Every structure is written in C-alpha cells, then in structure tokens.
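If you read the sequences in order, they're chains Z and E.
The working numbering puts the first sequence at residues 1 to 343.
The working numbering puts the second sequence at residues 1001 to 1343.
Heads up, the thing below is written out as structure tokens.
2 protein chains.
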Amino acid sequence: MADQETPSATYEELAAIEDAFEEIDTEMIRKQYALSTPVYTKRAAVIAKIPNFWPLVIEQAPQEIDQFIQPKDSQILVENLTSFEVTRPGIAAESGPDSAGSGENPRSFKLRFEFKANDDFEDTVLEKSFWHRRAKDGWSGLVSEPVNIRWKTGKDLTEGLTGMASRLFEARRKTGDFENRGLQEYTALKKKVEHANGMNTSFFTWFGWVSSRRYVSAEESAEAEAKRAEAKGEDKSDGADPEAPDLENEELADDDQEVEVHEAGEDIAVSFAEDIWPGAIKYFTQAQEQEDMSDVDFEEMDDEEDSADEDAPVDIRGLVGASKPNGSRSVSGGAPPSKKRKT
Amino acid sequence: MADQETPSATYEELAAIEDAFEEIDTEMIRKQYALSTPVYTKRAAVIAKIPNFWPLVIEQAPQEIDQFIQPKDSQILVENLTSFEVTRPGIAAESGPDSAGSGENPRSFKLRFEFKANDDFEDTVLEKSFWHRRAKDGWSGLVSEPVNIRWKTGKDLTEGLTGMASRLFEARRKTGDFENRGLQEYTALKKKVEHANGMNTSFFTWFGWVSSRRYVSAEESAEAEAKRAEAKGEDKSDGADPEAPDLENEELADDDQEVEVHEAGEDIAVSFAEDIWPGAIKYFTQAQEQEDMSDVDFEEMDDEEDSADEDAPVDIRGLVGASKPNGSRSVSGGAPPSKKRKT
C-alpha cells in the first residue's frame, strides 16, 4: 500500500540532518576549545594561588560524581589533590577540519589529577583518557583504558580492582583481542567483581573503568568510521543513521555482560569534563559561601596547602587573606573539608 | 592579620575569568545559531511531510516538561499542534559583536507553537518569548510576558490563570511599575493562585509564566548592563562578580513572594529550547521505536494529520509509507499518542 517511489520523508533525510547537526557539534567543540584554552590557562595561574581550590570544588561536585565519593576518598582528595586539568588530545593533534581519519575524535578528552606525595599511593599524577570511538557494529561512545594506581601496601581502597582491570586489559592487548574471555585475568576479575557485587564503592575504582559496553580500539574505530563514510557516500541506509546503528540484539546483550569494575564510569567522566572543569569557579564560590555560613575556625587549617615545601608551615591567613573587605578582596581557600558534609 | 597589600588571588581575578567565559559562551551561542539555522530550515521542510511529528516528539519530552503535561493537555497537543519553532531574536536583531546595548541578549529566545483551528481556543499561533535580562540589583535570568490564550467558552484548562496573569501584566505596564501590588488585578491573581495552590496543573498555565523572581523590563536591563560595564571599567568589585550579585537579602526574599502562575516556567522553556528543539529527530526516532514495539494498529489513525484540508480524508499509509524496507525507508508519523503513556 505504501508508495515507495515517492515517499514523503525518508529516514535517510532525517539521518542526513542529524549528520549535519553532528558536524556542527564537532565544529563547535573545536571552536569552544580554541577560544577557552587561553582562559583556562589564565584560570590555572589564578587558582594555583588558592589553597585547596580543587578539593573545595570537588566537595561541591554534582550528584553524578558525589554519590561515588566515600569519606576515605574525600580525605585523600582533600589532603593531596593539588591540580586537575581537562584536555582534548583529539583537537590538539589533528590537522584538518575533518576529524575522520586524522586521529582521535574531538569529543575525546583526558583528565589529569595531580597529587602530593602521599601515604596511599606512589603516583603523583593519575591521567585517564576517554576516547570517543565507533565500534564495527555502529555503536559509538566513550571508552577508556584502566589506570593502574600503585597503591602502597595495605592502602588499596579498590581492593585490587584497578590492578586487576589493568592486568586484564594488558593481557588482552597482547592477544590482540579486547573481548578475549579465555584469559585467567578475565576469570579472576569476573569472579572478583561478582563477589564484590557493588561492595567496593571507592571513587578510585573508577580509574579502572573501560566502557559501558566493551573496549573499542583506535584501529577498530578508524575502520568503522571509514566504512560509515563509505556507506554514506553510496547512499545506503545501513549504518547511515547514527540513531539506529546496525546492532544485533544478541550481540549487544552479550557485550553488555562484559566485566566492568565501575557502574557509572562514563557519567563521572562527562561530569568532570563538562561540569566540574568549566564550572570550577562557580563551585568554588559555592564552597566559600557555605563556609561563610558555617563559621569555620581557621585554626583548623594546617600546612597541607603548601605543596612546594611541606616542611615549612605557613600562615595561611597571611597568604590568602582571612577577611573579605569590600575593596580588593583576596580569596581564601578556607579550611579543607576533611570529611564529607553530605554523607 | 591578612595581608591586603599582596593578596594571593582576588575575587576580582576570578570574576574576570568568569566574565571571559561568559563572553565565549555568548560568542558560541551566536556561532551555533549561525551554523545551525540553515540545517533547522532543512529539517523543517522534511518534518513538515511527517504527520504528527511534533506531538510525537513532545510525547517523548524529558521529565522537566513531561511532568506538567496532563492527559487533556496531551490530547490538545496531539490533535492540533502542527508546528514548533525556536528562534533567537537577540541574535537576528543585533548588529555588533557586543550584545550590550545592541538590543536583546543572544540568550533570549522565542518559542512558537502553531495549532490547527480547534475546539479549545481561538488562537492558531501561540508565541512566548523568554528574555535574558539583568535586574538593577545584579540578578540575571529569564523573564517572559504572559500569553493570553483566547480559550473558547467553558474550555479554559487554566481556569482563568493565563488571562488573569496577562491582565495584571498589562495593568502594571500602564502604571510603569512591574512590581505594583496595589492593583486589583494583583489582589485577584494572588487570591486565585493561593486558592488553587497547585491545583491547576494544566501545561497551558505555563504560557502565563513571568519570572522565577520578578519581571525585568528591557529598559531596566539595559540600564543595569550599562552600570555593570561601567563598574567593570572602574575596576570596582561591586556588581562585577556575576556569581555574587549585590542583592539585599530582604529585598530578594520579598521578591520571591511575587505571585506566579507556574512553578517551573524557566525549566520548561529551557527544556524546549535546548533539548526538544535540537533533539527533535532523536525523540521522534524514539517514538517510532516504541511504536514498532507496541505494534500499533494503523487503523487507529484518522484524518487529523492533513491540516491543509480537513474535509478530505487521506490514506496515511499511502502518504507516509506503512512499512520500513531496508532500502529507502519512508517515515511514518504513526498513530498519534492520543493519551499519555506515562501517566
């Protein structure tokens, strides 16, 4: 009954419009990055002078992140986090206006956390990259490689999960099959995750996160994007609709069972990149206002703010200004929130 | 104790960075608008061929909107909404790169709903503008003028609220004081709203919304922006920090008591402009998928889809294609959701 010769509107037309919007989004991401990078650099210089800036910001983190930060996680962040940064390696690296084939997607981003030398882990830098990639079946989204935090003896808040996730990832990389389930590292992690069953909820487990579905390598993604571009050129509908990828349900269900150490890795990552990072001053101001209201005793502060020289106690009030006159007000990082207020 | 001569970091520095980010945001809004307008025009041409496109999209609306759409509202939208559009009058109108003083803010937007001739109200177009304005005390946000829906006798789902809100607004405009509480229109609306106390929850009441705080006129806003620019030039802190406007708490508390017919006017407006409008094809596709799964009988459809000629019943399946072959698939608007599925 349907007249296939002269359809009123086709899914291809809708898909072409969505593709056009996606291209605009990509251009906007690049434009935004180019415009804001100098301002972020300026911001970094200012906030470097404010003790506890990032711990205070993260203390105000939205629910997406906050619900996963336990009191012990918070203590580590407060006492040791000195710097946080978001960069987009897919933008800095690329040469042409079209990201396809020129390396990573501009939607990919890297989160960098810097810590003081501390009692819990050997690392002073933890970097986690989130790659926006396309799988050969049409799925696209963020994937990441597990970060192996080098916990000190008896200090591992993740109970071995980040290490196990890293070892499985490396073992799979060696076999060239990122879905390999025949490895002992797979069996071990699967058993551990099933046994833990949500018991381990340390924020740091998030560093072991891989994907909401399964890992997709840069090679697979490049191939899938090339195939997709080709299909579009041939005006075929298969795979041309970004909203309806050509997935087999069985395959998807199977992939969904991939062992994963953190339930909300993508939400946390996106929240860091798109909320905490651009909104840091807003969150810091919020933290200051809460502090003003709660009448915090400045004597609670210790010398942890000075990351350059831990042996020399400093007068924090003298450094950052303890009062807020109406004129040129100096900014106090304030007392670090040594305990979660919201838990 | 604090060394005010050499502060580590000042609130002014943080405010200057926030200002720089805000300027970038403004530029991004303009850029996005310029790039996407031609694609929206193309989209309008395609979706004009799809019956019930906008009702199907709004049926998938996110919680911010959905929670306020009652079954009777939904029925009116499904049976009569033929077109929806978002424009930004502050961008089209302005000449220079700086919006201050060149008319409305680029963040301002206008929502336009087109309806068939219907049994409920006389209007075939309802337009509601949301102006991003700054009050003289530093507050900034969206305000709107009430839209007086011309309900047919006995059909007013808002129980007179949109009409009363409009009359109060016009009466205040005549007195030149948008905070005037000495008017009988104010007393009447206040009494009505207090009496209703959340009883009236028709979606259409939203057309009467004014502000989350109080109305701010274009004149007040222009004056406040000019004063703010001046204060920034003089490097004064008062009013220069967009996060900490110079509000007196008493005044704010008083303003918060302004009579308002809808509790969530701003959320709904923003959701329409920033979610429904750019994501319409995604929501439409979702609606199609739900329909595929629910195995809707096409015979349920009637001739309401043809707005141009209501007297001539048409074969919807013939027009839009009832099946989805793998080749060039035509798009069916599908059965209109005549009742809320989620309520």
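We put the CB at the ideal spot given by N, CA and C, even for glycine.
Here the structure is a predicted model, which is why all the values come from computation and not from measurement.
Secondary structure of residue i, DSSP reduced to three states
i                       : result
residue 195 of chain Z  : helix
residue 1155 of chain E : coil
residue 1147 of chain E : coil
residue 1112 of chain E : strand
residue 291 of chain Z  : helix
residue 1270 of chain E : helix
residue 1312 of chain E : Because the pLDDT at residue 1312 of chain E is just 36, under 50, the model does not fix this residue reliably, and the value given afterwards should be weighed accordingly. If DSSP states are grouped into helix, strand and coil, residue 1312 of chain E belongs with coil.
residue 260 of chain Z  : coil
residue 1030 of chain E : helix
residue 1265 of chain E : helix
Buried versus exposed, by CB contacts within 10 Å (16 or more), residue i
i                       : result
residue 1152 of chain E : exposed
residue 176 of chain Z  : exposed
residue 343 of chain Z  : Note that residue 343 of chain Z scores 35 on pLDDT, short of 50, meaning its location in the model is unreliable; the coordinates nonetheless yield the value given after this. So residue 343 of chain Z ends up on the exposed side.
residue 1018 of chain E : buried
residue 104 of chain Z  : buried
residue 162 of chain Z  : buried
residue 174 of chain Z  : exposed
residue 1073 of chain E : buried
residue 1110 of chain E : buried
residue 218 of chain Z  : exposed
residue 1292 of chain E : exposed
residue 1265 of chain E : buried
residue 1045 of chain E : exposed
residue 1071 of chain E : exposed
residue 1145 of chain E : buried
residue 154 of chain Z  : exposed
residue 119 of chain Z  : exposed
residue 216 of chain Z  : buried
residue 41 of chain Z   : exposed
residue 59 of chain Z   : buried
residue 150 of chain Z  : exposed
residue 90 of chain Z   : buried
residue 233 of chain Z  : exposed
Beta-ladder partner(s) of residue i, from DSSP
i                       : result
residue 141 of chain Z  : Z/133
residue 127 of chain Z  : Z/112
residue 1284 of chain E : In the DSSP output, where bridge partners are listed per residue, residue 1284 of chain E has none listed.
residue 21 of chain Z   : Residue 21 of chain Z pairs with nothing; no bridge assigned.
residue 1121 of chain E : E/1151
Closer than 8 Å: residue i CB and nearest the ligand MG heavy atom
i                      : result
residue 258 of chain Z : Ligands displayed in this structure: none; no statement on the ligand MG is therefore possible.
Residue i at chain C interface by Cβ criterion, 9 Å
i                       : result
residue 1278 of chain E : Checking the listed chains, one finds no chain C in this structure; the protein chains it contains are Z and E.
Quiz item: Are the stretch 264-273 of chain Z and the stretch 1007-1018 of chain E touching by the rule of at least three beta carbon pairs closer than 8 Å?
Solution: Output reads no: the stretch 1007-1018 of chain E does not touch the stretch 264-273 of chain Z.
Quiz item: Could you give the uninterrupted runs of the alpha helix (DSSP H) lying entirely in the stretch 1159-1236 of chain E, keeping only those of 4 residues or more?
Solution: Correct list: 1161-1175, 1184-1196, 1218-1233.
Exercise. Determine contact between the stretch 124-139 of chain Z and the stretch 55-67 of chain Z, defined as no fewer than three beta-carbon pairs at a distance below 8 Å.
Key: no
Quiz item: Can you list, in chain order, the stretches of the alpha helix (DSSP H) that have 4 or more residues and sit fully within the stretch 33-94 of chain Z?
Solution: The qualifying runs are 53-59, 63-66, 71-80, 89-92.
Practice problem: Could you say if the stretch 1118-1129 of chain E and the stretch 1180-1198 of chain E meet the contact criterion of at least three C-beta pairs nearer than 8 Å? | Solution: no
Quiz item: Should the stretch 17-31 of chain Z be regarded as contacting the stretch 1033-1042 of chain E, the criterion being three or more beta carbon pairs within less than 8 Å?
Solution: Counting C-beta pairs closer than 8 Å gives three or more between the stretch 17-31 of chain Z and the stretch 1033-1042 of chain E, which meets the contact rule.
Quiz item: Would you call the stretch 107-120 of chain Z and the stretch 70-81 of chain Z touching, i.e. three or more CB-CB distances under 8 Å?
Solution: Here the stretch 107-120 of chain Z makes contact with the stretch 70-81 of chain Z; the two share three or more CB pairs at distances below 8 Å.
Exercise. Check whether the stretch 168-188 of chain Z touches the stretch 226-233 of chain Z, counting contact only when three or more Cβ pairs, one atom from each stretch, lie closer than 8 Å.
Key: no
Quiz item: Does the stretch 1169-1183 of chain E come close enough to the stretch 1200-1207 of chain E to have 3 or more Cβ pairs within less than 8 Å?
Solution: The stretch 1169-1183 of chain E is not in contact with the stretch 1200-1207 of chain E.
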